[in-house]
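Throughout the sequence shown, residue numbering follows UniProt numbering, covering 1 to 216 in sequence. A virtual CB, placed ideally from N, CA and C, is assigned to each residue, including glycine. Only one structure is covered here, and it is reproduced in the block below.
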Amino acid sequence: MNSQGYRIIKNFIEVDNDTFDLMGKLIKTAQPIFNDNPMARRNDNKRLQLDLNPKLYRIDPWFKLLRDKIDELGSPDHIMTDSFLLSSLPGCKAQAAHTDYVPDEVLKATTDDTVPLLFLLALEDNTFLNVWPASHHHIQKELRSSPIYRQTVCLNKGDAVLFRADLVHGGAAYNTSNMRLHAYLDHPSVTRDPNRTWIVYKHADKSSSLYASIIE
1 MNSQGYRIIK NFIEVDNDTF DLMGKLIKTA QPIFNDNPMA RRNDNKRLQL DLNPKLYRID
61 PWFKLLRDKI DELGSPDHIM TDSFLLSSLP GCKAQAAHTD YVPDEVLKAT TDDTVPLLFL
121 LALEDNTFLN VWPASHHHIQ KELRSSPIYR QTVCLNKGDA VLFRADLVHG GAAYNTSNMR
181 LHAYLDHPSV TRDPNRTWIV YKHADKSSSL YASIIE
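Written out as structure tokens, the structure reads:
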């Protein structure tokens, strides 16, 4: 995973009908989140997010199992903190290339063992995530610029993808509605601002190898 920055985990957990129906009810109160990109800078309001109540992981057997399985993915110091339901409406456009953590000196100082991790679980087939493979190497240090093209990861129901906090990624476009679960495996060495998204085309140093390499 540390070479490309992400790992696909097939059949991570079974998503039963009752659990899917529960999430379908919860997502009805989701709110729009950022959804622009360099080619379409106005939010289409078709990408929605709902904060999941931590109580679910204490009282619901499926969520308890999910928490146990996620806890096995990182080091003993990684802690699953916030989790969300994400939903895309038909016609949802792709998000801009970004990271959920600001790539400051603290994040750059992490090692493969201490870098925070992110987790995405497919709750239905044809769940997508855009990634820019190995882009984290350009965040860790300046390198010679070379094109990094977007790749779209495709997951089926119950599959998951685990990726580094410094990997450039973005929500994919959807022609049909889709619901998925997103969680953070934070590490005590890095403090995450939960209300901050670091967007390459807006926030990256224009002279950096990362900015020159990311092809959206």
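| Asked | Found |
| --- | --- |
| If you reduce the DSSP assignment to three classes, tell me which class Leu143 lands in. | coil |
| Got a sec? Which residues, its chain only, sit under 7 Å from Val15 by beta carbon, not counting five neighbours each side? | Leu123, Lys157 and Gly158 |
| Go ahead and pull the three-state DSSP assignment for Asn53. | coil |
| Helix or strand or just coil, what does DSSP make of Thr29? | helix |
| For the beta strand (DSSP E) that contains Ile8, what are its first and last residues? | Tyr6 to Ile9 |
| With a CB to CB cut of under 6 Å and the five nearest residues on each side skipped, what residues in its chain are close to Lys28? | none |
| When you compare each of Asn130, Arg58, Arg164 and Tyr57 to His78 by their alpha carbons, which one comes out closest? | Arg164 |
| Give the secondary structure of Ser209 by DSSP, where H, G and I count as helix, E and B as strand, and everything else as coil. | helix |
| Taking the beta strand (DSSP E) that Ile70 falls in, what are its first and last residues? | Not the beta strand (DSSP E): Ile70 falls in the alpha helix (DSSP H), residues Pro61 to Asp71. |
| Checking the sheet assignment: what are the DSSP bridge partners for His98? | His169 and Ile199 |
| Helix, strand or coil, according to DSSP, for Asn17 in the structure here? | helix |
| Got a sec? Which residues, its chain only, sit under 6 Å from Trp62 by beta carbon, not counting five neighbours each side? | Thr19 |
| Locate the alpha helix (DSSP H) running through Leu107, then write down its first and last residues. | Glu105 to Lys108 |
| Assuming the contact rule is C-beta atoms closer than 8 Å, Ser75 and Asp113 should be a hit. Round their C-beta distance to whole Å, please. | 6 Å |
| Determine whether the beta carbon atoms of His136 and Asp104 lie at a separation below 8 Å. | no |
| By Cβ distance below 7 Å, which residues in the same chain neighbour Leu26 in space, the five residues on each side in sequence not counted? | Leu50 and Leu85 |
| Given this structure, state the Cα-to-Cα distance separating Ser83 from Ile148, to the nearest angstrom. | 29 Å |
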